[in-house]
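Protein chains: 2
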Amino acid sequence: MSKNLSKNQLRRLPEYLTLLRNLKQNGIKYISCQTIADCLNLNKELVRKDIAAVSSYDGVPNKGRDIVLLIKDFEKILGYDSSHNAVLVGVGSLGKALLCYDGFSTYGLKIVGAFDRNPELIGRTINDIHIYDSRRMFGTLSTLNANIGIICVPSGFAQEVANDLVDSGIEAIWNFAPTKIEVKKDVILSNMDMATSLAVLSHQLYLKKNKRKEN
Amino acid sequence: MSKNLSKNQLRRLPEYLTLLRNLKQNGIKYISCQTIADCLNLNKELVRKDIAAVSSYDGVPNKGRDIVLLIKDFEKILGYDSSHNAVLVGVGSLGKALLCYDGFSTYGLKIVGAFDRNPELIGRTINDIHIYDSRRMFGTLSTLNANIGIICVPSGFAQEVANDLVDSGIEAIWNFAPTKIEVKKDVILSNMDMATSLAVLSHQLYLKKNKRKEN
DNA sequence: AATTAATCGGTAAAAAATTACTGAATTATG
DNA sequence: CATAATTCAGTAATTTTTTACCGATTAATT
């Protein structure tokens, strides 16, 4: 079980995990790399490599791997086993949506508090999550025991909020604002980039349109 | 200007575009690949390749490229120039958030209608976007002139909704539901995958934690 | 007007990722 | 109990992506 996963590999892991969880739901006990590859339309050798990098034990010939153990390996590598506490900053439309979104627990994420600077929101509760004054982040954060900060403020404030989070001792930032932010390199940063996701789709529409013109 | 962009390239394009738009805001007129590389912490040769694949004209030595023209090239390749009309299906917490989100126009996307099957929502309007009965998708969709469908329903209904959208003649699907959906191959599909984004972050937290243990 | 400095595009080299292959091991089947 | 069918791990080959290099070109400077 190596720990040096490439970025591409890391992108595939959640797909495997989703599939495995589904299969387990359907009563499957053992799973082979070949089967996974077929399900996800991937090359079987690629899957073999990925699984080998994640799995803590060898597969069984003509049988595959115990799906329960494999899921555990994935969850461990992805850090989904030990639940992470997160705080969300910026209770606007997107922020509210995320507070109400109940799917995060699947990924071992729990939102334990929110911050905003709007007096009308401070003190209120959304989906049992308390909203604190973002100007008092430093003190509040330490009591919440959170190590992930979710940024949902408008682009113009994202960097400022990131700085505050870092100053308050956060370890990782998940940025939903459509802008680049910079943090010192021992802080982990992941961008939830709608632009990128949309770009893939939009570019293909562009190609399709041009193809039509040609004909 | 080639049109065969690799997936990695496609992922970088929105970053370039965001940067270029920012620079333009700040009054920059000309931009070189070197500068772009420096700003984004990328290899300059890589940037050169990417720009060459997108730009419709050559750069000027010792000067760079006209930033306005370059932005236009990006917007064209990404399909952001001709505005795409989209409909959103599933006006739950996330769906509402997206309806209220005003950043899509930056990407040439306009939500022209929404669908839900909840009678309390049907007929209402959110952010000037009308909510229609999702059971009457087929007829309604044709009047809205939309070619992108945004799926925001719970996982269990995502495939069903995708089928309805395809049957109603949609060209592309942007899936926000945390599940895999399948469509016939002439329909474009892009997943807005929070799991993937979170995985990157979560895995690094895992590595960090293990490192601490070692010491 | 000549020189300098910086950029470009194209090609070549290096690195990384993916795919293919091979032999050994194990379960299931006849 | 032997055979056949799968699967696995590890290595090798291929493809793709990224990085480096080089001569030509052009704007700015003197």
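Chains as they are written, first to last, in this note's numbering: chain A, 27 to 241; chain B, 27 to 241. Don't be surprised by glycine CBs; every beta carbon is placed ideally from N, CA and C.
Rounded separation between residue i and residue j - CA only
{"i": "residue 44/B", "j": "residue 106/A", "result": "32 Å"}
{"i": "residue 143/B", "j": "residue 222/B", "result": "29 Å"}
{"i": "residue 66/B", "j": "residue 205/A", "result": "12 Å"}
{"i": "residue 28/A", "j": "residue 78/A", "result": "The predicted position of residue 28/A is uncertain, since its pLDDT is 41 and thus under 50; a value taken from the coordinates is nonetheless stated next. In a straight line, the C-alpha of residue 28/A is about 8 Å away from that of residue 78/A."}
{"i": "residue 110/A", "j": "residue 61/A", "result": "32 Å"}
{"i": "residue 175/B", "j": "residue 159/B", "result": "15 Å"}
{"i": "residue 210/A", "j": "residue 147/A", "result": "31 Å"}
{"i": "residue 139/B", "j": "residue 173/B", "result": "12 Å"}
{"i": "residue 234/A", "j": "residue 201/A", "result": "32 Å"}
{"i": "residue 84/A", "j": "residue 33/B", "result": "32 Å"}
{"i": "residue 50/B", "j": "residue 168/B", "result": "38 Å"}
{"i": "residue 236/B", "j": "residue 228/B", "result": "13 Å"}
{"i": "residue 41/A", "j": "residue 101/B", "result": "30 Å"}
{"i": "residue 52/B", "j": "residue 152/B", "result": "34 Å"}
{"i": "residue 224/A", "j": "residue 189/A", "result": "28 Å"}
{"i": "residue 187/B", "j": "residue 187/A", "result": "37 Å"}
{"i": "residue 115/A", "j": "residue 220/A", "result": "18 Å"}
{"i": "residue 141/B", "j": "residue 166/A", "result": "40 Å"}
{"i": "residue 145/A", "j": "residue 80/A", "result": "47 Å"}
Where residue i falls: helix, strand or coil (DSSP)
{"i": "residue 167/A", "result": "helix"}
{"i": "residue 175/B", "result": "strand"}
{"i": "residue 227/A", "result": "helix"}
{"i": "residue 142/A", "result": "strand"}
{"i": "residue 212/B", "result": "coil"}
{"i": "residue 205/B", "result": "coil"}
{"i": "residue 27/B", "result": "At residue 27/B the pLDDT is 47, less than 50, meaning the model places this residue with poor confidence; the figure from the coordinates comes in the next sentence. Looking at residue 27/B - three-state DSSP - the assignment turns out to be coil, as it is neither helix nor strand."}
{"i": "residue 136/B", "result": "strand"}
{"i": "residue 93/B", "result": "helix"}
{"i": "residue 217/A", "result": "strand"}
{"i": "residue 114/A", "result": "strand"}
{"i": "residue 232/A", "result": "helix"}
{"i": "residue 54/B", "result": "coil"}
Interface flag, residue i vs chain A, CB-CB below 8 Å
{"i": "residue 206/B", "result": "yes"}
{"i": "residue 185/B", "result": "no"}
{"i": "residue 51/B", "result": "no"}
{"i": "residue 98/B", "result": "no"}
{"i": "residue 226/B", "result": "yes"}
{"i": "residue 188/B", "result": "no"}
{"i": "residue 222/B", "result": "yes"}
{"i": "residue 122/B", "result": "yes"}
{"i": "residue 175/B", "result": "no"}
Within 8 Å, strictly: CB atoms of residue i and residue j
{"i": "residue 198/B", "j": "residue 180/B", "result": "no"}
{"i": "residue 64/B", "j": "residue 82/B", "result": "no"}
{"i": "residue 126/B", "j": "residue 119/A", "result": "yes"}
{"i": "residue 93/A", "j": "residue 31/A", "result": "no"}
{"i": "residue 232/B", "j": "residue 177/A", "result": "no"}
{"i": "residue 134/B", "j": "residue 108/B", "result": "yes"}
{"i": "residue 230/A", "j": "residue 214/B", "result": "yes"}
{"i": "residue 216/B", "j": "residue 226/A", "result": "yes"}
{"i": "residue 123/B", "j": "residue 122/A", "result": "yes"}
8 Å Cβ cutoff, residue i in contact with chain B
{"i": "residue 268/A", "result": "With chain A running from 27 to 241 in the structure shown, residue 268/A is simply not present."}
{"i": "residue 27/A", "result": "Low confidence applies here, because residue 27/A scores a pLDDT of 47, under 50, leaving its location unreliable; read the following figure in that light. For residue 27/A, the answer is no, since every Cβ of chain B falls outside 8 Å of its Cβ."}
{"i": "residue 115/A", "result": "no"}
{"i": "residue 5/A", "result": "This structure cannot settle anything about residue 5/A, because the visible part of chain A is limited to 27 through 241."}
{"i": "residue 59/A", "result": "no"}
{"i": "residue 103/A", "result": "yes"}
{"i": "residue 83/A", "result": "no"}
{"i": "residue 40/A", "result": "yes"}
{"i": "residue 129/A", "result": "yes"}
{"i": "residue 119/A", "result": "yes"}
{"i": "residue 216/A", "result": "yes"}
{"i": "residue 37/A", "result": "yes"}
Pick from the options that is closest to residue i, judged by C-alpha positions
{"i": "residue 91/A", "options": "125/A, 72/A and 56/A", "result": "56/A"}
{"i": "residue 164/B", "options": "146/B, 192/B, 137/B and 186/B", "result": "192/B"}
{"i": "residue 48/A", "options": "119/B, 182/B, 212/B and 51/B", "result": "182/B"}
{"i": "residue 170/A", "options": "161/A, 210/A, 113/A and 176/A", "result": "113/A"}
{"i": "residue 96/A", "options": "76/A, 141/A and 236/A", "result": "76/A"}
{"i": "residue 71/A", "options": "168/A, 230/A, 35/A and 231/A", "result": "35/A"}
{"i": "residue 136/B", "options": "154/B, 88/B, 145/B and 39/B", "result": "154/B"}
{"i": "residue 208/A", "options": "185/A, 162/A and 145/A", "result": "185/A"}
{"i": "residue 69/A", "options": "38/A, 87/A, 52/A and 54/A", "result": "38/A"}
{"i": "residue 162/A", "options": "194/A, 117/A, 132/A and 131/A", "result": "194/A"}
{"i": "residue 149/A", "options": "117/A, 86/A and 124/A", "result": "117/A"}
Residue i Cβ short of 7 Å to the ligand MN heavy atom set
{"i": "residue 128/B", "result": "No copy of the ligand MN occurs in the structure displayed, which carries no ligand at all."}
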